[in-house]
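Chains A and B are the protein sequences, given in the same order. Counted from 1, the first sequence has number 78 at position 78 by our numbering; the numbering is strictly sequential. For our numbering, count along the second sequence from 1 and bump the result up by 139. The C-beta atom is built at its ideal place from N, Cα and C for all residues, glycine as well. Worksheet: one structure, shown below.
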Amino acid sequence: MGVEMTEATGGIDFEDEESGVVKKFMFVNRKAPYGTIYALEALEVVLISAAFDQDVSLAFLDDGVYQIVKGQHTKAIDVKNFSPTYRALEGYDIEKLYVEKESLDQRGLTEADLLVDVQVMSSADMAKMMAEQDIVISF
Amino acid sequence: MLHIVNKSPFENQTLDSCLRVAGNADGAAILLTEDAVYAASKGNSNESKIKAVMGKVKIYALWPDVEARGMQDRVIEGIKMVDYGGFVDLVAEHSNCQSWL
């Protein structure tokens, strides 16, 4: 590859010819928001990737769709309600939010139950979206 | 696209989700590793689901994990075995991959 690694950068060469390359990142969310830390950690990584000006999209499947349902109030469980953050993603130019229809249907949810604008799609279309990414990271 | 599943289908729904999304996708391959290799065994209750997608997508299982679990003599026909080198080849020959958590 001809990429020079240096000790000072922990082995990462920030000056290589690839810097400035924009890749298509998809973050796949498949876990409910508060039972585990996956959803919150995914959100952190999404915001970091946005800071690097990458082409970022989020996919919500399975229990991941519960991350973006309206009406979350977490005061009584003493955990931060991070659901408003999804509405702020637009401000970071992250506007590609994809939701699998089958996951909504299984849970008795519709697009109207979600707190942010999303694109609802079939499993087959979700597979196509995944296939065209450079990087897919699953949470 | 290469999809990697590493959890037992009896422990959670990850394999089901992967098959639902990727089971009919062009150019998709699914690699079963670690406890997911139990899904590759004959007579397990997921066999029909695996067979249903095998005409469309390629199914692989990681041989060291199959062998470690004593499943080597009961692998569903048509599932291809790969060793660690084959695992690397699969990752390299697909445009991208996803490890389903």
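Give me the Cα-Cα distance between Gly2 (chain A) and Met140 (chain B), rounded to the nearest whole angstrom.
-> Walking along the first sequence from the start, residue 2 (chain A) turns up at place 2. Walking along the second sequence from the start, residue 140 (chain B) turns up at place 1. In this prediction, Gly2 (chain A) scores a pLDDT of 43, lower than 50, which makes its location untrustworthy; no coordinate-derived value is stated.
With a cut-off of 8 Å, does the C-beta of Val144 (chain B) fall near any C-beta of chain A?
-> Translated into the one-based positions of the second sequence, residue 144 (chain B) becomes position 5. With 8 Å as the cut-off, Val144 (chain B) does not count as an interface residue toward chain A.
Residue closest to Ala42 (chain A), alpha-carbon to alpha-carbon, out of A:Ala124, A:Ser103 and A:Ser83 | Mapped onto the first sequence, residue 42 (chain A) falls at position 42. Residue A:Ser83 is the option with its Cα nearest to Ala42 (chain A).
Could you please give the first and the last residue of the uninterrupted alpha helix (DSSP H) stretch that includes Val227 (chain B)?
-> Position 88 of the second sequence, counted from the first residue, corresponds to residue 227 (chain B). Run containing Val227 (chain B): Tyr223 to Glu232, per the alpha helix (DSSP H) assignment.
Selection of the stretch 162 to 182 of chain B by Cβ proximity to chain A, strictly under 9 Å = Taking 9 Å as the Cβ-Cβ cut-off against chain A, the residues of the stretch 162 to 182 of chain B that qualify are Gly162, Asn163, Ala164, Asp165, Gly166 and Ala167.
Locate the alpha helix (DSSP H) running through Asp78 (chain A), then write down its first and last residues.
-> What you label residue 78 (chain A) is simply residue 78 of the first sequence in a count that begins at 1. Run containing Asp78 (chain A): none; DSSP gives neither H nor E here.
Apart from the five residues on each side of it in sequence, which residues of its chain come closer than 6 Å, Cβ to Cβ, to Asp55 (chain A)?
-> In the first sequence, residue 55 (chain A) corresponds to position 55, counting from 1. Here the set comprises Val22 and Lys24.
Could you please give the first and the last residue of the uninterrupted alpha helix (DSSP H) stretch that includes Gln106 (chain A)?
-> One-based indexing of the first sequence puts residue 106 (chain A) at position 106. Lys101 to Gln106 is the extent of the alpha helix (DSSP H) around Gln106 (chain A).
Roughly how many whole angstroms lie between the Cα atoms of Glu206 (chain B) and Glu95 (chain A)?
-> Translated into the one-based positions of the second sequence, residue 206 (chain B) becomes position 67. Translated into the one-based positions of the first sequence, residue 95 (chain A) becomes position 95. Rounded to the nearest whole angstrom, the C-alpha separation of Glu206 (chain B) and Glu95 (chain A) is 45 Å.
So what's Val46 (chain A) in DSSP terms, helix, strand or just coil?
-> The residue given as residue 46 (chain A) occupies position 46 in the first sequence. In this structure, DSSP gives Val46 (chain A) a helical state, which the three-state scheme calls helix.
Asp62 (chain A) touches chain B at which residues, Cβ-Cβ below 8 Å?
-> As a first step, residue 62 (chain A) is located in the first sequence; it is residue number 62 there, counting from the start. Those are Gln152 and Ser156, listed as they occur along chain B.
Please determine if the stretch 213 to 220 of chain B and the stretch 167 to 181 of chain B are in contact, where contact requires at least 3 C-beta pairs separated by less than 8 Å.
-> Yes, the stretch 213 to 220 of chain B is in contact with the stretch 167 to 181 of chain B.
What's the gap between the Cα of Tyr223 (chain B) and the Cα of Leu171 (chain B)?
-> Numbered from its first residue, the second sequence carries residue 223 (chain B) at position 84. Numbered from its first residue, the second sequence carries residue 171 (chain B) at position 32. CA-to-CA, the gap between Tyr223 (chain B) and Leu171 (chain B) works out to about 12 Å.
Report yes or no: do the stretch 158 to 165 of chain B and the stretch 184 to 202 of chain B share at least 3 C-beta pairs separated by less than 8 Å?
-> With a cut-off of 8 Å, the stretch 184 to 202 of chain B and the stretch 158 to 165 of chain B count as touching, because enough Cβ pairs lie within range.
Within the 8 Å Cβ cut-off, does Glu102 (chain A) reach chain B?
-> Taking the first residue of the first sequence as 1, we reach residue 102 (chain A) at position 102. For Glu102 (chain A), the nearest beta carbon of chain B is closer than 8 Å to its own beta carbon.
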